[in-house]
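This report refers to the structure that appears directly beneath it.
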Amino acid sequence: QVQLVESGGGLVQPGGSLRLSCAASGFIFSIFAMTWYRQAPGKERELVATISSAGGSTNYADSVKGRFTISRDNAKNTVYLQMNSLKPEDTAVYYCNRPVPWNSWGQGTQVTVSS
7 QVQLVESGGG
17 LVQPGGSLRL
27 SCAASGFIFS
37 IFAMTWYRQA
47 PGKERELVAT
57 ISSAGGSTNY
67 ADSVKGRFTI
77 SRDNAKNTVY
87 LQMNSLKPED
97 TAVYYCNRPV
107 PWNSWGQGTQ
117 VTVSS
């Protein structure tokens, strides 16, 4: 049974930083690329960043390029999202999943950027 547990969100001022974590279980984590998504109120879920199975390749949405960094630790079945220079428009619930998502989603972690 696939389980994805996101954590690390919170309230931060513009310009601040947060590090999100996603602990995965129920599948062979190390053979799958992983993606961070986000969904802001009233908007569709969007792709934020993707990392290859071994971590050697990453891709980012234009809106976060240069500010966010995705990484993974296959020994810990965990994918991370380091978010720097946060902006109010980054406010959303953040989720992790595969690039072609499993049907099962975690609860997400709320990120709120506000002064």
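Taking the working numbering, I'd label the letters of the sequence shown as residues 7 to 121.
Idealized CB from N, CA, C, for every residue including glycine.
Owing to the predicted nature of the structure, the values given are computational and were not obtained by experimental measurement.
Own chain partners of residue i with C-beta closer than 6 Å, once the 5 adjacent residues on each side are dropped
i, result
"Arg78", "Ile57, Gly61 and Val85"
"Asp96", "Val119"
When the options are compared against residue i, the one with the closest alpha-carbon
i, options, result
"Tyr100", "Ser121, Ala81 and Phe74", "Phe74"
"Ala55", "Val70, Ala46, Gly48 and Asn83", "Val70"
"Val8", "Pro20, Leu17 and Ala29", "Ala29"
"Cys102", "Lys93, Pro94 and Gln116", "Gln116"
"Ser63", "Ile76, Gly114 and Arg51", "Ile76"
"Leu24", "Val11, Ser121, Ser110 and Met89", "Met89"
"Asn65", "Pro47, Ser13, Glu12 and Leu87", "Leu87"
Residue j beta carbon less than 8 Å from that of residue i
i, j, result
"Leu53", "Thr41", "yes"
"Val21", "Ser91", "Strictly speaking, residue 21 in this sequence is Gly, with Val absent from that position. Going by C-beta atoms, Gly21 is nearer than 8 Å to Ser91."
"Gly72", "Leu10", "no"
Beta-carbon contacts of residue i that lie in its chain and below 8 Å, excluding the five residues immediately before and after
i, result
"Arg104", "Phe38, Ala39, Met40 and Thr41"
"Gly16", "Leu24, Gln116, Val117 and Thr118"
Backbone secondary structure at residue i - three-state DSSP
i, result
"Ser120", "coil"
"Ser23", "coil"
"Ser36", "helix"
"Gln113", "coil"
Proximal residues to residue i (C-beta, below 7 Å), its chain only, five neighbours per side dropped
i, result
"Phe35", "Asn80 and Asn83"
"Val18", "Leu24, Leu92 and Val119"
Those runs of the alpha helix (DSSP H) which lie wholly inside the stretch 39-100 and span at least 4 residues
none
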